[in-house]
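J.:
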Amino acid sequence: MIPVGNNTNITMPAGAKNSVGSTIASACFIVIVMLLTIMGNLLVCYSVFYYRRLRSPTNYLVVSLAVSDLLVGTLSLPFRLAQLLNEENWPSHLGREGCQFWIWVDMLCSGASMVNLAGISFDRLLAIKQPLRYREKMTSKRALILILVVWIYAASCAFLSFVEWEGESTIAAYPQCGIRARVYITLMALAAFFCPLLIVIICYGMVLQVAIRHALQVQKEKEQIALNVSPEPNSNNHEESGETSLASPPVIRLKTSRSSSHRKDINFANGHAKHRNPASSTFHIMKQIKATKTLAVVVGVFILCWFPFFVIFVTFQYCDTECFGEERIPPAVKRVLLIIFVYVLPVSNSAANPIIYSCFNQEFRVAFLKIFYKMVGKRYRQKYDYYSTPTAYS
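Under full-length UniProt numbering, the first residue of the sequence shown is numbered 1, with each subsequent residue one higher.
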């Protein structure tokens, strides 16, 4: 979660943050999320590197996303907890350097998460539009290069927090550790969230377009096959006799056409013959669409958790009391909105992805169960060998 200082005015109404009960509840929530984040994302990383079937370019990007969430759980949330337990004031023993490090880690992780999702969306677009050439174009080496670019970009955005903007420091350590430079806040929101979000929307919009076109094509082929199935009259017709005959049933003849899914097209472009089997293409597209659905849920949850935060975060810099004053928003309503959109949802997102994988992706679910059974000293038995079938992310 990005640290928010008093200078942003995104604070609780008077008295709310000093409540002992509220502090205890918030501390318990942060500890639970921190533990779930660390354990869940470690499980994701271990699963991909331990099980060979999960090692694919897409899952390497998933691991990169898990690493950014893991850093939130290990390096960011402990600082958030320390400030919370100190009555929302930055602990003096951590100093200004500790505050700078906390903000740098948060900027790095939030930027890496969103840019990783942009990379994943591009990967899914490539897999859907060119399923038969996907493995050729998105190799493990290229995926690792993409991950390196993502982290360099995120680190560059984070290092800008050390720069003075408009003649003042970006960071305010006391009384609360937070960001106070309006220019940096706007730049960070655009570079690390809204621009990658635009890429995600464009890529998944194109993916949806391809998926709809493919669904219509499959439906058309099914209708064509149904029309091509016709009964052949039996030559030994027994209508002329009054006896009941146990003759063989009518013969069903399947008429094939050039539009059949078993057709092979030959392309002599560039002097090379290329055979394309539409049935194979259909299988690959359906497999990639299945994987894309899970990752689309990950993207959707991330946007749900972070979009309101960034909108509020940026709006406060240019429209303070005019938009969020007590005469416009009652303190009780403001408190609920801040709890949900500034404190709860952004913090929860880091723990959400492993839960999404276990719910929506059978391969990760099986891997998680195998690891759990191994930890308790038991052998996991499944009804069939799921790993003998092609992985949805390969």
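We put the beta carbon where it would ideally sit given N, CA and C, even for glycine.
(1) Can you check DSSP and say which residues form a bridge with Trp306?
(2) For Ser76 versus Val105, is the C-beta spacing smaller than 8 Å?
(3) Can you list the alpha helix (DSSP H) stretches of 4 or more residues lying completely in the region 63-140, in chain order?
(4) When you compare only the Cα positions, how much space is there between Asn270 and Gln130?
(5) Thinking C-beta only, is Ala173 closer than 8 Å to Trp90?
(6) Drop a sphere of 10 angstroms on the beta-carbon of Lys137, count the other beta-carbons inside from all chains shown, and report buried for 16 or more, exposed for fewer.
(7) When the Cα of Ala154 is compared with those of Ser113, Ile329 and Lys222, which residue comes out closest?
(8) Apply the 10 Å Cβ neighbour rule to Gln219 and answer buried if 16 or more other Cβ atoms are within range, or exposed otherwise.
(9) What is the C-beta distance between Leu61 and Ile120, in whole angstroms, given that I count them as a contact (C-beta under 8 Å)?
(10) Let me check one thing: in DSSP terms, what residues is Trp165 bridge-paired to?
(11) State the beta-bridge partners of Gly300 as determined by DSSP.
(12) Is Gln317 buried or exposed, if buried means 16 or more other CB atoms sit within 10 Å of its CB?
(13) So is Arg80 buried or exposed if we call it buried at 16+ other beta carbons inside 10 Å?
(14) Drop a sphere of 10 angstroms on the beta-carbon of Lys334, count the other beta-carbons inside from all chains shown, and report buried for 16 or more, exposed for fewer.
(15) What do you reckon, are the CB atoms on Phe302 and Leu36 nearer than 8 Å?
(16) With a threshold of 7 Å on Cβ separation, who are the neighbours of Ala351 within its own chain once the five nearest residues in sequence on each side are excluded?
(17) Can you give the Cα-Cα distance for Pro331 and Ile339, rounded to whole angstroms?
(18) Which same chain residues end up closer than 7 Å to Ala181 when comparing Cβ atoms and leaving out the 5 residues on each side of it in sequence?
(19) Can you have a look at Arg124 and say buried or exposed, based on whether 16 or more other CB atoms are within 10 angstroms of its CB?
(20) Just to confirm my understanding: we take His272, look at its own chain, exclude 5 residues before and 5 after, and list those with CB closer than 6 Å. What are they?
(21) Apply the 10 Å Cβ neighbour rule to Leu148 and answer buried if 16 or more other Cβ atoms are within range, or exposed otherwise.
(22) Can you list the alpha helix (DSSP H) stretches of 4 or more residues lying completely in the region 192-237, in chain order?
(23) So, under 8 Å CB-CB, Val299 and Pro196 are touching, yes? Tell me the CB distance rounded to an integer number of Å.
(24) Can you check whether the CB of Ile128 is closer than 8 Å to the CB of Ala215?
(25) So the alpha helix (DSSP H) Asn349 belongs to, where does it begin and stop?
(26) Under a three-way DSSP split, which group does Ile179 fall into?
T.: Here's the rundown:
(1) Position 306 of the sequence shown, counted from the first residue, corresponds to residue 306. Note: Trp306 sits in no beta bridge, so no partner.
(2) Walking along the sequence shown from the start, residue 76 turns up at place 76. Walking along the sequence shown from the start, residue 105 turns up at place 105. Cβ distance < 8 Å, so Ser76 and Val105 count as in contact.
(3) 77-85, 95-129 and 134-137
(4) On the sequence shown, residue 270 is found 270 positions in, with the first residue counted as 1. On the sequence shown, residue 130 is found 130 positions in, with the first residue counted as 1. Residue placement at Asn270 is flagged as unreliable, the pLDDT there being 41, under the threshold of 50; a coordinate-derived value is accordingly withheld.
(5) Taking the first residue of the sequence shown as position 1, residue 90 is located at position 90. Taking the first residue of the sequence shown as position 1, residue 173 is located at position 173. Cβ distance < 8 Å, so Trp90 and Ala173 count as in contact.
(6) Against the sequence shown, residue 137 aligns to sequence position 137. Exposed, because fewer than 16 other Cβ atoms sit within 10 Å of the Cβ of Lys137.
(7) On the sequence shown, position 154 is the one that residue 154 refers to. Ranking Ser113, Ile329 and Lys222 by Cα distance to Ala154 puts Ser113 first.
(8) In the sequence shown, residue 219 corresponds to position 219, counting from 1. Classification of Gln219: exposed, given that the 10 Å Cβ count is below 16.
(9) Here residue 61 refers to the residue found at position 61 when the sequence shown is read from its first residue. Here residue 120 refers to the residue found at position 120 when the sequence shown is read from its first residue. So it is a contact: roughly 5 Å between Cβ atoms.
(10) Translated into the one-based positions of the sequence shown, residue 165 becomes position 165. DSSP output for Trp165 lists Glu168 as bridge partner(s).
(11) In the sequence shown, residue 300 corresponds to position 300, counting from 1. Gly300 pairs with nothing; no bridge assigned.
(12) As a position in the sequence shown, residue 317 is number 317, starting the count at 1. With 16 or more Cβ atoms within 10 Å of its Cβ, Gln317 is classed as buried.
(13) Stepping through the sequence shown from its first residue, residue 80 is reached at position 80. Its Cβ being crowded by 16 or more others within 10 Å, Arg80 is buried.
(14) Position 334 of the sequence shown, counted from the first residue, corresponds to residue 334. Per the 10 Å Cβ criterion, buried.
(15) By 1-based counting over the sequence shown, the position of residue 302 is 302. By 1-based counting over the sequence shown, the position of residue 36 is 36. Cβ distance not < 8 Å, so Phe302 and Leu36 don't count as in contact.
(16) Position 351 of the sequence shown, counting from 1, holds the residue named residue 351. The residues are Val33, Leu36, Thr37 and Gly40.
(17) The count along the sequence shown starts at 1 and reaches residue 331 at position 331. The count along the sequence shown starts at 1 and reaches residue 339 at position 339. Near 12 Å, if we compare the C-alpha coordinates of Ile339 and Pro331.
(18) Translated into positions along the sequence shown, residue 181 becomes position 181. Once the five neighbours on either side are set aside, the close Cβ partners of Ala181 are Trp165, Glu166, Glu168 and Thr170.
(19) Residue numbering aside, residue 124 sits at position 124 when the sequence shown is read from its first letter. By the neighbour-count rule (16 or more Cβ atoms within 10 Å), Arg124 is buried.
(20) By 1-based counting over the sequence shown, the position of residue 272 is 272. Caution is warranted here: a pLDDT of 42 is assigned to His272, below 50, making its placement in the model unreliable, and no coordinate value can be reported.
(21) Taking the sequence shown and counting its residues from 1, one reaches residue 148 at position 148. So Leu148 ends up on the exposed side.
(22) 195-228
(23) Numbered from its first residue, the sequence shown carries residue 299 at position 299. Numbered from its first residue, the sequence shown carries residue 196 at position 196. Incorrect: roughly 10 Å between the Cβ atoms, too far for contact.
(24) Working through the sequence shown from its first residue, we reach residue 215 at position 215. Working through the sequence shown from its first residue, we reach residue 128 at position 128. In this structure, Ile128 does not lie closer than 8 Å to Ala215 by Cβ.
(25) Mapped onto the sequence shown, residue 349 falls at position 349. First-last of the alpha helix (DSSP H) with Asn349: Leu345 to Phe360.
(26) Here residue 179 is taken as the residue at index 179 of the sequence shown, counted from 1. Ile179: strand per DSSP, three-state reduction.
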